[in-house]
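K.L.:
Numbering (the working numbering), first residue to last: 61 to 465. All residues carry an ideal CB built from backbone N, CA and C; glycine is no exception. Since this is a predicted model, take the numbers as computed values, not measurements.
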């Protein structure tokens, strides 16, 4: 049995097995590969396939919209259907769509194929996140995932630029194939019910007893809403940061190197996020981080140079890790069935769909990259306000959950 300082209790299950956590983490890395490599992949679409900056936003948005659609499908069935069957079917769709992208490279066809590939990746990722969320220490489990995530992000941003467009698609295919080789490590069914938590209550005489609490459905839905706004910021930022920097005083080679170096730096964020969570809970550090993330994006409105773009990238990655761990762990704390955790990639995918498309529309109206960065900052502040409302409301109803770690 695991209990945090606030009194929230989770019992260990087969999801605590190292093999379950390992396959969950790996599948998440594979499913998120396009989202992680988006700055490089977006540039490759321009350089290798001659897509315009507006078309890049549409194609990136289609891929990440598919991620959202697939995650919704996963959420509908992850608590009822054998997860191994779901994973195999999802991987087959993603593999097939990526292979077809090699042979059909026009903008119109690529747009639909990326939607299909994203849908397969979304189901795959939904199952992965539900598996990680089943761990009795969700902040730790998501910290492990994001530690690996930061390392894979650095590897993608470092090595993908050396590949052709077809080479990038083949790497995506290979990641799904490798995951299928370890499918037997994946638990088939959820261990606990949805929206049911156990709280360790201290009585006036010092004795303790356990109480079951039903969590109001608005709690995970509000967190998911905050994730959508958070990823509007992230999706728009990562789609256009390299392209925006290419039209500034910053050196293109410097910016390219900062993309992967800063992503590796975010590994440090995993450690700090877990340590802060253990001391201050999930909610309060998250609120501060969302405000700070807005500031470091909007600072680019003053102009982009080698110094401030490096600061922005380093701190953006650092904050990204914080936000992901805290939001994912909050949902995992209230739902052990995997149904709501599986929707996390859907919320991320929806935000990543809206972000690049809203940014593309801003550019289509000739408002420039400064307006894109203002859009990013506004989205982060909106996410903070949604989460603040949820925290204050939950503080009155289930304080142990509001301040859980």
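Quick check on residue 457: buried or exposed, where buried means 16 or more other Cβ atoms within 10 Å of its Cβ?
P.N.:
Residue numbering aside, residue 457 sits at position 397 when the chain shown is read from its first letter. When all chains shown are included, residue 457 counts as exposed.
K.L.:
Around the C-beta of residue 242, are 16 or more other C-beta atoms found within 10 angstroms, so that it is buried, or is it exposed?
P.N.:
As a working note, residue 242 is residue 182 in the chain shown. Exposed, because fewer than 16 other Cβ atoms sit within 10 Å of the Cβ of residue 242.
K.L.:
Please report how far the alpha carbon of residue 65 lies from the alpha carbon of residue 342, in whole angstroms.
P.N.:
Taking the chain shown and counting its residues from 1, the one referred to as residue 65 is at position 5. Taking the chain shown and counting its residues from 1, the one referred to as residue 342 is at position 282. Since pLDDT at residue 65 reaches only 40, below the 50 mark, its modelled position is unreliable, and the value read off the structure follows with that caveat. Each residue's Cα considered, the two are about 12 Å apart.
K.L.:
Do residue 151 and residue 246 have their C-beta atoms closer together than 8 Å?
P.N.:
Here residue 151 refers to the residue found at position 91 when the chain shown is read from its first residue. Here residue 246 refers to the residue found at position 186 when the chain shown is read from its first residue. Result no, Cβ atoms of residue 151 and residue 246 do not sit closer than 8 Å.
K.L.:
Leaving aside the five residues before and after residue 142 along the sequence, list all residues of the same chain whose C-beta is less than 8 Å from its C-beta, in chain order.
P.N.:
For the purposes of this step, residue 142 is taken as the residue at position 82 of the chain shown. Cβ within range, chain order: 248 and 249.
K.L.:
With respect to the alpha helix (DSSP H) encompassing residue 213, which residues constitute its N-terminal and C-terminal limits?
P.N.:
If you number the chain shown from 1, residue 213 lands on position 153. Here the alpha helix (DSSP H) through residue 213 covers 198-219.
K.L.:
Hey, could you find the ends of the alpha helix (DSSP H) residue 363 is sitting in?
P.N.:
By one-based count along the chain shown, residue 363 stands at place 303. Here residue 363 belongs to no alpha helix (DSSP H), and DSSP marks it neither H nor E.
K.L.:
Would you tell me roughly how many angstroms separate the C-alpha atoms of residue 146 and residue 202, rounded to the nearest one?
P.N.:
Taking the chain shown and counting its residues from 1, the one referred to as residue 146 is at position 86. Taking the chain shown and counting its residues from 1, the one referred to as residue 202 is at position 142. Distance between the alpha carbons of residue 146 and residue 202: 22 Å.
K.L.:
Thinking residue 279 and residue 87 are a contact (beta carbons under 8 Å), I'd like their distance in whole angstroms, please.
P.N.:
Numbered from its first residue, the chain shown carries residue 279 at position 219. Numbered from its first residue, the chain shown carries residue 87 at position 27. In fact, because the Cβ distance is near 26 Å, the residues do not count as touching under 8 Å.
K.L.:
Assuming residue 185 and residue 127 make a contact with CB atoms under 8 Å, what is their CB distance in whole Å?
P.N.:
Taking the chain shown and counting its residues from 1, the one referred to as residue 185 is at position 125. Taking the chain shown and counting its residues from 1, the one referred to as residue 127 is at position 67. Confirmed, about 7 Å.
K.L.:
Please state whether the Cβ-Cβ distance between residue 132 and residue 403 is less than 8 Å.
P.N.:
Counted from its first residue, the chain shown places residue 132 at position 72. Counted from its first residue, the chain shown places residue 403 at position 343. Yes, they are a contact pair.
K.L.:
Taking Cβ positions, are residue 319 and residue 302 nearer each other than 8 Å?
P.N.:
To locate residue 319, count along the chain shown from 1; it is residue 259. To locate residue 302, count along the chain shown from 1; it is residue 242. Yes.
K.L.:
Who are the near neighbours of residue 407 in its chain, counting only those whose CB is closer than 6 Å to its CB and skipping five residues on each side?
P.N.:
On the chain shown, position 347 is the one that residue 407 refers to. If we look at residue 407 and ignore the five residues flanking it on each side, its Cβ neighbours are 284, 287 and 288.
K.L.:
Using the rule of at least 16 other Cβ atoms within 10 Å of the residue's Cβ for burial, across every protein chain shown, is residue 401 buried or exposed?
P.N.:
On the chain shown, position 341 is the one that residue 401 refers to. Classification for residue 401: buried.
K.L.:
Are there 16 or more other CB atoms within 10 angstroms of the CB of residue 222, so buried, or fewer, so exposed?
P.N.:
Position 162 of the chain shown, counting from 1, holds the residue named residue 222. Burial call: exposed.
K.L.:
Helix, strand or coil for residue 80, going by three-state DSSP, please let me know.
P.N.:
Mapped onto the chain shown, residue 80 falls at position 20. Residue 80 falls in the helix class under three-state DSSP.
K.L.:
Is it right to say residue 372 is buried, meaning 16 or more other beta carbons lie within 10 angstroms of its own, or is it exposed?
P.N.:
As a working note, residue 372 is residue 312 in the chain shown. With 16 or more other Cβ atoms within 10 Å, it is buried.
K.L.:
Where does residue 322 fall in DSSP's three states?
P.N.:
Along the chain shown, read from residue 1 onward, the residue named residue 322 stands at position 262. Reduced to three states, the DSSP call for residue 322 is helix.
K.L.:
Classify residue 74 as buried or exposed, calling it buried when 16 or more other Cβ atoms lie within 10 Å of its own Cβ.
P.N.:
On the chain shown, position 14 is the one that residue 74 refers to. Classification of residue 74: exposed, given that the 10 Å Cβ count is below 16.
K.L.:
Check for me: the alpha helix (DSSP H) holding residue 352 runs from which residue to which?
P.N.:
Residue 352 sits at position 292 when you count from the first residue of the chain shown. Unbroken alpha helix (DSSP H) run through residue 352: 343-358.
K.L.:
Indicate the three-state DSSP secondary structure (helix, strand or coil) for residue 142 in the structure shown.
P.N.:
On the chain shown, residue 142 is found 82 positions in, with the first residue counted as 1. Residue 142: coil per DSSP, three-state reduction.
K.L.:
Run through DSSP, which three-state label would residue 373 get?
P.N.:
The count along the chain shown starts at 1 and reaches residue 373 at position 313. Correct three-state label for residue 373: helix.
K.L.:
Take residue 434 as the anchor and find which of 447, 125, 415 and 452 has the nearest alpha-carbon.
P.N.:
Taking the first residue of the chain shown as 1, we reach residue 434 at position 374. It is 415 whose Cα lies nearest to the Cα of residue 434.
K.L.:
With 16 as the cutoff for other CB atoms within 10 Å, does residue 61 come out buried or exposed?
P.N.:
Sequence index remark: in the chain shown, residue 61 carries index 1 (1-based). A caution first: residue 61 carries a pLDDT of 48, below 50, which makes its placement in the model unreliable, though a value can still be read off. By the neighbour-count rule (16 or more Cβ atoms within 10 Å), residue 61 is not buried but exposed.
K.L.:
Rounded to a whole number of angstroms, what is the C-alpha to C-alpha distance between residue 219 and residue 158?
P.N.:
Position 159 of the chain shown, counting from 1, holds the residue named residue 219. Position 98 of the chain shown, counting from 1, holds the residue named residue 158. If you take the alpha carbons of residue 219 and residue 158, they lie about 19 Å apart.
K.L.:
What do you get for residue 309, buried or exposed, if any count of 16 or more other CB atoms within 10 angstroms of its CB means buried?
P.N.:
By one-based count along the chain shown, residue 309 stands at place 249. So residue 309 counts as exposed.
K.L.:
Measure the alpha-carbon distance for residue 363 versus residue 112 and round it to whole angstroms.
P.N.:
Within the chain shown, residue 363 is the residue found at index 303, counting from 1. Within the chain shown, residue 112 is the residue found at index 52, counting from 1. Computed Cα separation, rounded: 23 Å.
K.L.:
Where does residue 313 land, buried or exposed, given buried means 16+ other C-beta within 10 angstroms?
P.N.:
Taking the first residue of the chain shown as 1, we reach residue 313 at position 253. Looking at its Cβ environment, which holds fewer than 16 other Cβ atoms inside 10 Å, residue 313 is exposed.
K.L.:
For residue 118, which of helix, strand or coil comes out of DSSP?
P.N.:
Taking the first residue of the chain shown as position 1, residue 118 is located at position 58. Correct three-state label for residue 118: helix.
K.L.:
Expressed to the nearest angstrom, what Euclidean distance is found between the alpha-carbon atoms of residue 321 and residue 214?
P.N.:
To locate residue 321, count along the chain shown from 1; it is residue 261. To locate residue 214, count along the chain shown from 1; it is residue 154. Spanning the two alpha carbons is a distance of roughly 7 Å.
K.L.:
Would residue 192 pass as a contact of residue 81 if the rule is Cβ separation under 8 Å?
P.N.:
Residue mapping note: residue 192 aligns to position 132 of the chain shown, counting from 1. Residue mapping note: residue 81 aligns to position 21 of the chain shown, counting from 1. Cβ distance < 8 Å, so residue 192 and residue 81 count as in contact.
K.L.:
Express the C-alpha separation of residue 293 and residue 439 in angstroms, rounding to a whole number.
P.N.:
Indexing the chain shown from 1 puts residue 439 at position 379. Indexing the chain shown from 1 puts residue 293 at position 233. Answer to the nearest angstrom: the Cα atoms are 6 Å apart.
K.L.:
From the DSSP output, in three-state form, read off residue 248 for me.
P.N.:
Looking up residue 248 in the chain shown gives position 188. Three-state result, residue 248: coil.
K.L.:
Take the Cβ of residue 445 as the centre, count every other Cβ of all protein chains shown within 10 Å, and call the residue buried at 16 or more, exposed below.
P.N.:
On the chain shown, position 385 is the one that residue 445 refers to. The residue in question, residue 445, is exposed, as its Cβ has fewer than 16 Cβ neighbours within 10 Å.
K.L.:
For residue 296, collect the residues of the same chain with a Cβ closer than 7 Å to its Cβ; drop the 5 residues on either side in sequence, then sort them by chain order.
P.N.:
As a working mapping, residue 296 is identified with position 236 in the chain shown. Correct list, in chain order: 415, 416, 418, 419, 432, 435 and 436.
K.L.:
What residue from 425, 377, 387 and 455 has the CA that sits closest to residue 443's CA?
P.N.:
Mapped onto the chain shown, residue 443 falls at position 383. If we check each option's Cα against that of residue 443, 387 comes out closest.
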